[in-house]
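As structure tokens, the structure follows; a few thoughts come after it.
There are 2 protein chains.
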Amino acid sequence: MNESERLDATFIALADPTRRAILARLIEGEATVMELAEPFDMSQPAISKHLKMLERAGLISRSRDAQRRPCKIEGAALKEATDWLENYRKVWEANFSRLDDLLDDLKAQRKREQN
Amino acid sequence: MNESERLDATFIALADPTRRAILARLIEGEATVMELAEPFDMSQPAISKHLKMLERAGLISRSRDAQRRPCKIEGAALKEATDWLENYRKVWEANFSRLDDLLDDLKAQRKREQN
DNA sequence: ATGATATATAACCGATAAGTTTGATAGCTT
DNA sequence: AAGCTATCAAACTTATCGGTTATATATCAT
Numbered sequence: 050m051n052e053s054e055r056l057d058a059t060f061i062a063l064a065d066p067t068r069r070a071i072l073a074r075l076i077e078g079e080a081t082v083m084e085l086a087e088p089f090d091m092s093q094p095a096i097s098k099h100l101k102m103l104e105r106a107g108l109i110s111r112s113r114d115a116q117r118r119p120c121k122i123e124g125a126a127l128k129e130a131t132d133w134l135e136n137y138r139k140v141w142e143a144n145f146s147r148l149d150d151l152l153d154d155l156k157a158q159r160k161r162e163q164n
Numbered sequence: 050m051n052e053s054e055r056l057d058a059t060f061i062a063l064a065d066p067t068r069r070a071i072l073a074r075l076i077e078g079e080a081t082v083m084e085l086a087e088p089f090d091m092s093q094p095a096i097s098k099h100l101k102m103l104e105r106a107g108l109i110s111r112s113r114d115a116q117r118r119p120c121k122i123e124g125a126a127l128k129e130a131t132d133w134l135e136n137y138r139k140v141w142e143a144n145f146s147r148l149d150d151l152l153d154d155l156k157a158q159r160k161r162e163q164n
């Protein structure tokens with residue numbers, strides 16, 4: 050997977066409230082599929098599918114404990130998506146403040162012209 | 050739209066390379082649909098659909114200039130998504146460093162026991 | 001070996017996504 | 001008014017999503 054595909058997978062994974070809730074739960078520590086499924090009014094296979102999408106995006110990883118497959122959150126994919134967004138937000142804000150500066154300049158100029 | 054639905058729409062909008070490229074272009078300033086469509090090997094209606102999804106997510110807005118509908122990027126939705134991610138990353142990092150601290154403690158303790 | 005527990009896989013369904021082509025609409029130009 | 005330009009909307013196709021039920025697999029417990 051290249052960067053673009055990873056971003057695709059990550060944003061798709063984040064674009065569902067169930068998956069975001071699962072991530073929120075995993076922030077507090079590892080959990081098994083059963084534990085993750087418990088709060089939701091949804092079948093176990095549905096949760097397993099959600100976990101698969103989170104795993105594909107690299108947002109979680111799974112280990113093994115007897116029959117259980119405990120999930121834990123992984124920081125790297127989260128960081129990649131955050132960085133991408135942060136970068137855009139920064140450039141956007143920079144452009145905005147440039148616009149603000151421009152407006153300030155215009156105001157100052159008009160003031161000067163009045164005197 | 051509540052916060053969850055807005056996040057859904059925003060992440061879905063970000064989960065496509067064409068739409069991310071459109072945003073990248075719009076960071077540099079307003080552009081018409083034709084201008085935005087130009088770099089892509091894709092029909093104009095396809096671009097219009099992408100723009101609709103970006104607009105639904107509040108990531109862009111459109112004004113009017115004769116027949117043209119110039120698009121510009123909007124910061125708010127970008128900020129909401131960034132904040133959501135940033136928050137998660139921070140908690141995750143905090144937990145991680147807690148784990149690091151714990152490991153350090155254990156190491157120190159073992160060392161004490163050796164002496 | 002038998003049964004219970006935890007999870008994954010397969011097959012299916014309805015809704016939505018992402019593209020197409022075709023045609024409509026709105027505003028400019030002459 | 002006639003035609004050009006920019007954009008949208010509708011109808012269609014194929015693929016993917018998000019859920020289901022039923023079934024298979026792996027590990028534990030007895």
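Residue numbers (our numbering), protein chains in the order written: chain A, 50 to 164; chain B, 50 to 164. Yeah, the Cβ is synthetic: ideal placement off N, Cα and C, and Gly gets one too. All figures in this text were calculated on a predicted structure; none of them were measured in a lab.
Short of 8 Å from the beta carbon of A:Gln-93, and not among the five residues preceding or following it, lie these beta carbons of its own chain, in chain order: Val-82, Met-83 and Ala-86. Taking C-beta atoms under 8 Å as the contact rule, B:Thr-59 and B:Phe-89 fail to qualify, at a distance of about 22 Å. In this model, B:Ala-106 and B:Arg-55 are separated by some 6 Å (Cα to Cα). Nearest CB-CB separation between B:Leu-103 and chain A: not below the 8 Å threshold.
Among the residues of chain A, those whose CB is under 9 Å from the CB of B:Thr-131 are Thr-131, Leu-134, Glu-135, Tyr-137 and Arg-138, following chain order. At a cut-off of 8 Å between C-beta atoms, A:Asp-65 counts as an interface residue with respect to chain B. The same chain holds no residue with a CB closer than 6 Å to that of B:Glu-129 once the five nearest residues on each side in sequence are set aside.
Taking the CA atoms as reference points, A:Glu-135 sits about 33 Å from A:Arg-118. For B:Ser-110, the enclosing beta strand (DSSP E) has its first and last residue at 109-111.
The Cβ atoms of B:Ile-61 and A:Ala-126 lie no closer than 8 Å to each other. Going by DSSP, A:Thr-67 is part of the alpha helix (DSSP H) stretching over 66-76. Any Cβ of chain B closer than 8 Å to the Cβ of A:Ser-112 would place that residue at the interface, and such an atom is absent. At a beta-carbon threshold of 9 Å, none of the residues of chain B lie near A:Glu-87; the nearest stands roughly 20 Å away.
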